[in-house]
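FYI, the numbering for the sequence shown is 467 to 827, going by this note's numbering. Every residue, glycine too, gets a C-beta built ideally from N, C-alpha and C. Below is one structure, written out as structure tokens, with a few remarks after it.
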Amino acid sequence: MSRILQELKHKPIFWLLALAPVVIVAGHAVPQKHTLLFVLSVVAIVPLAALLSHATESVAAKTGDTVGGLLNASLGNLTELVIALTALRLGMIDLVKASIAGAVVANLLFMLGASFLLGGLRHHVQEYNPAAARLQVAMLLLGTVTLLVPSALADAGHLRETGYLQELSVGLSILLIASYALGLFFSLGTHRDVFGSKAHQDVDETPWPMPVALGALAVATVLIAMVSHVFVNSVQHAAEQLGMSPAFVGFVVVALVGGAAESVTAFAAARKNRLDMSVGIAIGSATQIALFVAPVLVLASHFIGPAPMDLAFGSAQVVAVFIAMFTVSMLANSGRSGWYTGVQLLAVYLVFAITLYLLPS
467 MSRILQELKH KPIFWLLALA PVVIVAGHAV PQKHTLLFVL SVVAIVPLAA
517 LLSHATESVA AKTGDTVGGL LNASLGNLTE LVIALTALRL GMIDLVKASI
567 AGAVVANLLF MLGASFLLGG LRHHVQEYNP AAARLQVAML LLGTVTLLVP
617 SALADAGHLR ETGYLQELSV GLSILLIASY ALGLFFSLGT HRDVFGSKAH
667 QDVDETPWPM PVALGALAVA TVLIAMVSHV FVNSVQHAAE QLGMSPAFVG
717 FVVVALVGGA AESVTAFAAA RKNRLDMSVG IAIGSATQIA LFVAPVLVLA
767 SHFIGPAPMD LAFGSAQVVA VFIAMFTVSM LANSGRSGWY TGVQLLAVYL
817 VFAITLYLLP S
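Have a look at this one:
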């Protein structure tokens, strides 16, 4: 406990952790103040993300960047899963699908691009294990194809009426989850030596002890989930008041806020020349969303939602995911990066963001 109190004293950003209980209480006390709750929840997630970032780095110091990146991606995606489950209960299936596609694109282009840029500005050339990046992209290809097939069939209206798309989505969801589990067993088990991280030593902070780090991870994850619940209940009304289109809200705002915790960790790791961790978080998180989070939501929608969700995404969403995957496969498979590689990825992301922001409601 004394270790955490010292961190709170020397890092002013952690002082904002006091906003988390304020947001949770305000969400119950004044639920009609949508814009205020939206702003407070976004600000409250920032220090929680910083806490999650530091705790994850401490765990990675003991377990290695590969496992640390997977852990951060999993905990970070828990936020997105909570947001999506909350939206499913309210029947906001279109928002859920937009946030899923947006999260994959944001992780591949924004998070990875900003990591390359921030790391490249501090280090002339950075290296990471290209085998791990290629495996994650290959797994993501399976997820993209799985979204493409039911999305293409959705144009046939009679198939949707027969319930075929729901049955197909359930079968494909089970396939994706099994494939993701086998991929983890392959990379962390039978072929762990192939996908290990590059040896980089550029750590300027003493990591927390493992019990302290795991405790901070648990607390941060729970608080992020509770603040995210307030966020998702206020985001659409606040977006209308702020003049943002529904497409921009789902694809950009919800995706970026949901991935805030992962982004902070990825950026910090890149600055410390631990690019394997940044790449593992960014691409690994996108893969986990496509192969695990999306299928889990499909299965969960049969129990908690007013209507079942399928894997038939909009054509624009599928195209955006495919373009993001293709761009990353072209730029991030060499094992080396500089700051301009990050600029290229960010530029592609801004194409999508600007287009959706200017899109008429």
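{"Item": "Pick from Asn573, Leu547, His589 that is closest to Leu561, judged by C-alpha positions", "Value": "Leu547"}
{"Item": "Sequence-distant residues of its chain with Cβ nearer than 7 Å to Ala567 (five each side left out)", "Value": "Phe717, Phe779, Gln783, Ala786, Val787"}
{"Item": "Contacting residues, own chain, Cβ-Cβ under 6 Å from Val759 (five flanking each side not counted)", "Value": "Asn543, Leu547"}
{"Item": "Other residues of its chain near Thr610: CB distance less than 6 Å, five sequence neighbours each side excluded", "Value": "Val787, Phe788, Met791"}
{"Item": "DSSP beta-bridge partners of Ser803", "Value": "Gln592"}
{"Item": "His674 vs Ala521 beta-carbon contact at 8 Å", "Value": "Going by the sequence as given, residue 674 is Trp instead of His. Contact flag set, yes."}
{"Item": "Range covered by the alpha helix (DSSP H) that runs through Asp560", "Value": "559 to 571"}
{"Item": "Cβ-based neighbour list, Ser803, same chain, cut-off 6 Å, excluding 5 preceding and 5 following", "Value": "Phe582, Gln592"}
{"Item": "Stretch-stretch touch, CB-based, cutoff 8 Å, three pairs: the stretch 505 to 519 with the stretch 680 to 689", "Value": "yes"}
{"Item": "Residue from Ser729, Ala550, Ala773 with nearest C-alpha to Ala572", "Value": "Ser729"}
{"Item": "Own chain partners of Ser565 with C-beta closer than 8 Å, once the 5 adjacent residues on each side are dropped", "Value": "Glu546, Ile549, Ala550, Ala553, Gly716, Phe717, Val720, Ala721, Gly724"}
{"Item": "Exposed unless 16 or more other CB atoms sit within 10 angstroms - verdict on Asn799", "Value": "exposed"}
{"Item": "Proximity below 8 Å, CB of Pro616 to CB of Leu638", "Value": "yes"}
{"Item": "Nearest neighbour of Pro596, chosen from Tyr630, Val745, Ala492 [CA to CA]", "Value": "Val745"}
{"Item": "As assigned by DSSP and simplified to three states, the class of Asn739", "Value": "coil"}
{"Item": "Alpha carbon of Ser795 to alpha carbon of Leu648, nearest angstrom", "Value": "21 Å"}
{"Item": "Inter-residue CB distance, Val489 and Val696 (contact presumed, cutoff 8 Å)", "Value": "5 Å"}
{"Item": "Burial state of Gly493 (16 or more Cβ within 10 Å)", "Value": "buried"}
{"Item": "Beta-carbon spacing of Leu642, Leu757 below 8 Å", "Value": "yes"}
{"Item": "Segment limits, alpha helix (DSSP H) that includes Leu648", "Value": "630 to 651"}
{"Item": "Extent of the continuous alpha helix (DSSP H) to which Phe769 belongs", "Value": "760 to 770"}
{"Item": "Spatially closest choice to Gly579 from Leu502, Ile749, Val764, Ile770, by CA coordinates", "Value": "Ile749"}
{"Item": "Whole-angstrom distance between His768 and Thr731, CA atom to CA atom", "Value": "34 Å"}
{"Item": "First and last residue of the uninterrupted alpha helix (DSSP H) at Val785", "Value": "781 to 797"}
{"Item": "Opening and closing residue of the alpha helix (DSSP H) in which Gln702 lies", "Value": "676 to 708"}
{"Item": "Proximity winner among Leu502, Phe733, Leu634, relative to Gly585 (alpha-carbon distances)", "Value": "Phe733"}
{"Item": "Buried/exposed call for Gln632, threshold 16 Cβ in 10 Å", "Value": "buried"}
{"Item": "Status (buried if at least 16 other CB within 10 Å, exposed otherwise) for Ile602", "Value": "The sequence given here places Gln at residue 602; Ile does not occur at that position. Looking at its Cβ environment, which holds 16 or more other Cβ atoms inside 10 Å, Gln602 is buried."}
{"Item": "CA-to-CA distance, Tyr630 to Leu812, given in whole angstroms", "Value": "38 Å"}
{"Item": "Classification of Met676 by the beta-carbon crowding that lies within 10 angstroms, buried from 16 upward", "Value": "exposed"}
{"Item": "Supposed contact pair Thr807 and Leu797 - C-beta distance, whole angstroms, cut 8 Å", "Value": "6 Å"}
{"Item": "Residue environment, Thr656, which counts as buried when at least 16 other CB atoms sit within 10 Å", "Value": "exposed"}
{"Item": "Residue range of the alpha helix (DSSP H) that includes Pro487", "Value": "485 to 495"}
{"Item": "Nearest-angstrom Cα separation, counted from Leu619 out to Val685", "Value": "43 Å"}
{"Item": "Backbone secondary structure at Gly725 - three-state DSSP", "Value": "coil"}
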